[in-house]
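Counting with numbering that gives the first Met the number 0, you get residues 0 to 268 for the letters of the sequence shown.
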Amino acid sequence: MKKVAILVIGALNQPVYLHYLRTYWSTFIKYAESELSSIDIYLLFERKWNLEEFSYLNEHIIVDQNEDYNDLVGSNQYTNIIPGILSKTIHALELLVDHYDVFFRTNVSSMIHTTSFLNLVSSKAEIKYSGQGIWKEALRKDLIYHNRIGPDKSIKSLIELEEYPGNSFITGSGYFLGKKDVQDILKNKSKIRYDIVDDVSIGLMIKDHEYIPNFTLKLTTNDSIEIMIQKLRSESYSHVRLQHMKLQKAQELWDIISSTEMLERLIYY
């Protein structure tokens, strides 16, 4: 059985993120700790967060020790996600690369369908950079579209990217990396672009990828609770993306999941 590390980008700056940590992720982590020998879950945080509330999850928390991101990007490039998410991800990969065969990077507003997820991992002879939401051969076009390239930008010209093998990227809400992918990324750590969005930067580093159909089920705040539950019960998926969910709706959804057979469908065998 392949050993899997699930890496969850954590944050405490929105009430809905706290909700996900206190409910779903705490429940899943404790279950995996006692019952799933092939999966370990890690919550990735920056140093700035006070994590005292989640001290009971200390063994599953990795804190990025980088105190100053000025060595990664210029101050004018800072956003609420750049370079923090990528720095947390790389830090975790460095710590864990020798201990796992497969890495799954996701975010706190996600859930895992345990059985489907494990069946998928075990069914493949090798896991490589893969997922469902793929911008195929569109990475450089995406950078241009989002105005990330130009004389006044950190990337002055596409010529700067000629040394990078990848031109596709997979959404950061859920992608796999195989051990070899991670080793290659870390071997070329000095080339990592921290000045762009994390999932795009990872895509730059990797030439090949694999599309996984029916992997992610996306639920949005515009879906009714009834529609969400119907989809969770009837559709095939391994990963659930709770996209832009408002706190009240996320709470309503969890109340139903946790009080019905849905909790067993998602987490337990």
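Beta carbons: idealized from backbone N, C-alpha and C, even for Gly.
Quick caveat: nothing in here was measured; it's all calculated off a predicted structure.
Terminal residues of the continuous alpha helix (DSSP H) containing PHE53? By one-based count along the sequence shown, residue 53 stands at place 54. Taken as a continuous stretch (DSSP letters only), PHE53 belongs to no alpha helix (DSSP H), as it is neither H nor E.
Within the continuous beta strand (DSSP E) that includes ASP197, where are the two ends? The residue given as residue 197 occupies position 198 in the sequence shown. ASP197 -> not in any beta strand (DSSP E); alpha helix (DSSP H) instead, spanning 197–204.
Where do the ends of the beta strand (DSSP E) carrying VAL96 lie? Here the question's residue 96 lines up with position 97 in the sequence shown. Careful: VAL96 lies outside any beta strand (DSSP E) and carries neither H nor E.
Tell me which residue opens and which closes the beta strand (DSSP E) that GLN242 is part of. On the sequence shown, position 243 is the one that residue 242 refers to. Start and end: 238–242.
In the DSSP output, what is VAL7 paired with across the bridge? In the sequence shown, the residue the question calls residue 7 occupies position 8. Per DSSP, LEU42, THR105.
Just tell me which of GLU51, LEU56, ARG104, ILE8 has its CA closest to the CA of GLN131. Counting from one through the sequence shown, the residue named residue 131 turns up at place 132. Nearest of GLU51, LEU56, ARG104, ILE8 to GLN131, Cα basis: ARG104.
For PHE116, which three-state DSSP category applies? In the sequence shown, residue 116 corresponds to position 117, counting from 1. It is helical.
Taking 8 Å as the cut-off, decide whether the C-beta atoms of ASP63 and GLU45 are in contact. The residue you call residue 63 lines up with position 64 of the sequence shown. The residue you call residue 45 lines up with position 46 of the sequence shown. Taking 8 Å as the Cβ cut-off, ASP63 and GLU45 qualify as a contacting pair.
Which residues in the same chain as SER129 place their Cβ atom closer than 8 Å to its Cβ, once the five residues preceding and following it in sequence are excluded? For this step, residue 129 is matched to residue 130 along the sequence shown. ILE169, TYR174, PHE175, HIS208, GLU209, TYR210, ILE211, listed in sequence order.
Range covered by the alpha helix (DSSP H) that runs through THR26: Here residue 26 refers to the residue found at position 27 of the sequence shown. First-last of the alpha helix (DSSP H) with THR26: 25–34.
Using CA atoms only, rank isn't needed, just tell me which of ILE60, PRO14, MET0 is closest to ILE38. In the sequence shown, the residue the question calls residue 38 occupies position 39. Of the listed residues, the one whose Cα sits closest to ILE38 is MET0.
Residue nearest to SER235 in terms of C-alpha spacing, selected from PHE214, ILE228, HIS90, GLN229: If you number the sequence shown from 1, residue 235 lands on position 236. That would be PHE214, whose Cα lies nearest to the Cα of SER235.
How far does the beta strand (DSSP E) with ILE271 in it extend, from its first residue to its last? Look at the range of the chain in this structure, 0 to 268, and you will see that residue 271 is not part of it.
Could you pull out every residue in the same chain whose Cβ sits closer than 6 Å to the Cβ of GLY302, ignoring the five residues on either side in sequence? The requested residue 302 does not occur in the structure, where the chain is confined to residues 0 to 268.
Helix, strand or coil at THR88 according to DSSP, with G and I counted as helix: Sequence index remark: in the sequence shown, residue 88 carries index 89 (1-based). Three-state DSSP puts THR88 in a helix.
Go to ILE228, then tell me how far its alpha helix (DSSP H) extends in each direction, as first and last residue. In the sequence shown, residue 228 corresponds to position 229, counting from 1. From DSSP, the alpha helix (DSSP H) with ILE228 extends over 224–233.
Alpha carbon to alpha carbon, how far is MET204 from SER258? On the sequence shown, residue 204 is found 205 positions in, with the first residue counted as 1. On the sequence shown, residue 258 is found 259 positions in, with the first residue counted as 1. Using only the alpha carbons, I get a separation of about 43 Å.
Is the CB-CB distance between VAL196 and HIS112 below 8 Å? Stepping through the sequence shown from its first residue, residue 196 is reached at position 197. Stepping through the sequence shown from its first residue, residue 112 is reached at position 113. Not closer than 8 Å, so no.
Please report the straight-line C-alpha distance between SER108 and TYR30, rounded to a whole angstrom. Taking the sequence shown and counting its residues from 1, the one referred to as residue 108 is at position 109. Taking the sequence shown and counting its residues from 1, the one referred to as residue 30 is at position 31. Distance between the alpha carbons of SER108 and TYR30 is about 18 Å.
Backbone secondary structure at MET0 - three-state DSSP: Position 1 of the sequence shown, counted from the first residue, corresponds to residue 0. Coil at MET0, not helix or strand.
N- and C-terminal bounds of the beta strand (DSSP E) containing ASP207: Here residue 207 corresponds to residue number 208 of the sequence shown, with the count starting at 1. No beta strand (DSSP E) holds ASP207; DSSP gives it neither H nor E.
Sub-8 Å separation of SER237 and LEU119 beta-carbons: Counted from its first residue, the sequence shown places residue 237 at position 238. Counted from its first residue, the sequence shown places residue 119 at position 120. Yes, they are a contact pair.
Return yes when the Cβ of LEU94 is within less than 8 Å of the Cβ of ILE61, no when it is not. For this step, residue 61 is matched to residue 62 along the sequence shown. For this step, residue 94 is matched to residue 95 along the sequence shown. Cβ atoms of ILE61 and LEU94: closer than 8 Å.
Contact check, LEU92 vs ILE184 under 8 Å by CB: the rounded distance? One-based indexing of the sequence shown puts residue 92 at position 93. One-based indexing of the sequence shown puts residue 184 at position 185. Their Cβ separation, rounded to whole angstroms, is 7 Å, which keeps LEU92 and ILE184 in contact under 8 Å.
Roughly how many angstroms separate the alpha carbons of ILE143 and LEU85, rounded to a whole number? Looking up residue 143 in the sequence shown gives position 144. Looking up residue 85 in the sequence shown gives position 86. Rounded to whole angstroms, ILE143 to LEU85 spans 20 Å at the Cα level.
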